[in-house]
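Read the structure below first, then the notes.
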Amino acid sequence: MAVSGDYLLHPFAGFVPGYDFVGIVERLPAEPRAELSIGQRVAGVLPGMGAHATIVRAAPSLLVPVPADLDDLVAATAPLDAVTARLALDALGLDGAGSRRSGLDGRRRDARARGRRDGSVLVQGAGGAVGAWAVQLARRRGLEVFGTASGRSSAHATSLGARVLDYRERDWPERLLLASGGGVSGAVDHTGGREPRRVVRPSGRIVRIAFGGEPGARRSAAARGALTAIGRGAAHPAERVCSTPAVVALRRAAYRGALAETLESMSVGELAAPRPRTFALDEYGDALAFAEAAAPGEKAVLVMP
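So the sequence shown is numbered by the working numbering: it starts at 823 and just counts up by one.
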């Protein structure tokens, strides 16, 4: 979308794409954060694009150490997508029965547990890049997960723990209402469509992470969708917009915590990462084409010289 000029945050030419990265620290300021050192492997998300480069200049507050036993290529599949999924679920404010809490993530959820609604969640695009992470993270929080997917990605979403409905079938909202006993407690949505408002209970919440739109019209769809969602902040169900670049820019500690928890969970096998398919920098066009047509559970990763 960004390369084609159809992305709201980068509608202009002459920029370096890419938000997230894994790399080696080559230089640090005179007084860096204590956990950072020269030669260390780190991951990060930039508040603005620029990661698809051989050298990336990033503030130390953006960097998170990669666990020693986590492979670089596997780690590189996670930062932007997994952090987006985690932040979206946090914005829903849901915990389920039997929630598996561990480490910093668990302490934060325990501290905010009072007043939260237990229940179920709808993940739109449950077999996709962000949706697959959202399904796993929601399951770890003890939530019942319903997901929409195509026939192509439904098996992948099901394998991660979602109860899948085919979004191409017009009656999927009615079937979800029936299966969930009258509606889900929240939804993570990337379409900007009306269907989530039909299936989320009035006391629930919808978190919009994207707004769909036809090619060539996605910038305007995102602008309209974001304004509409903000305007529905006090509606029933309420809506929120989750923008990972904004969180990275304005809430660095929250972003680093989310990324650190994700990488740690991956390193101990608690979260399943997509399979990385590697491309050299001079194969950038091939990487873009693969990203458009990748099989569910696969992710393009650029490997720099």
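Each residue gets a CB set at the ideal place from its N, CA and C atoms; glycine is no exception.
Could you work out which residue in the options is closest to residue i when comparing CA atoms only?
i       : options                               : result
Ser1087 : Ala910, Leu892, Glu857 and Asp1104    : Leu892
His874  : Ala1117, Ala1116 and Leu1110          : Leu1110
Leu916  : Val1123, Glu1114 and Val1006          : Val1006
Ser826  : Phe843, Asp1011, Arg1041 and Leu885   : Arg1041
Glu966  : Ser975, Leu944, Gly950 and Ala824     : Leu944
Ala1094 : Glu848, Arg961 and Gly870             : Arg961
Glu1036 : Val1022, Leu1049, Ala1051 and Gly1014 : Gly1014
Ala907  : Gly1047, Ala1116 and Arg1030          : Arg1030
My understanding is that residue i touches residue j, with C-beta atoms under 8 Å, so please give their C-beta distance in whole angstroms.
i       : j       : result
Gly1132 : Gly983  : The displayed coordinates of the chain run from 823 to 1127. Any statement about residue 1132 would go beyond what the structure contains.
Arg963  : Leu911  : 7 Å
His1012 : Gly1034 : 7 Å
Ile1028 : Arg1016 : Ile1028 to Arg1016, Cβ: 10 Å. No contact.
Name the two residues that bound the continuous beta strand (DSSP E) containing residue i.
i       : result
Gly1028 : Correcting the residue type first, residue 1028 is Ile in the shown sequence and not Gly. Taken as a continuous stretch (DSSP letters only), the beta strand (DSSP E) holding Ile1028 covers Val1022 to Arg1030.
Gly1107 : That residue, Gly1107, is in no beta strand (DSSP E); its alpha helix (DSSP H) goes Tyr1106 to Ala1115.
Glu966  : Glu966 to Ala971
Val943  : Ser942 to Val945
Gly953  : Segment Ala951 to Arg962 is the alpha helix (DSSP H) holding Gly953; no beta strand (DSSP E) there.
Arg992  : Run containing Arg992: none; DSSP gives neither H nor E here.
Please go through the same chain and pick out, in chain order, the residues whose beta-carbon is closer than 6 Å to the beta-carbon of residue i, but skip the five residues on each side of it.
i       : result
Gly925  : Its pLDDT being 46, under 50, Gly925 is placed unreliably by the model, and the measurement read from it follows with that caveat. If we look at Gly925 and ignore the five residues flanking it on each side, it has no Cβ neighbours.
Arg1054 : Glu1061
Pro1096 : Thr899, Gly1119, Glu1120 and Lys1121
Val986  : Gly969, Ala971, Ser976, Ala979 and Thr980
Val1070 : Val867, Pro869 and Tyr1077
Glu1048 : Residue 1048 is actually Ala in this sequence, not Glu. Once the five neighbours on either side are set aside, the close Cβ partners of Ala1048 are Val1063.
Less than 7 Å between C-beta atoms, sequence neighbours within five positions excluded: which residues of the same chain meet that for residue i?
i       : result
Pro851  : Pro882
Gly1038 : Asp828
Look at residue i and residue j and say whether their C-beta atoms are less than 8 Å apart.
i      : j      : result
Val888 : Val957 : no
Within the same chain, show all residues whose beta-carbon is closer than 8 Å to that of residue i, passing over the 5 residues directly before and after it, in chain order.
i      : result
Ala835 : Gly827
Asp988 : Thr970, Ala971, Ser972, Gly973, Ser976 and Trp994
For residue i, report the span of its alpha helix (DSSP H) as first-last.
i       : result
Ser1042 : Arg1040 to Gly1053
Ala1080 : Arg1074 to Ser1089
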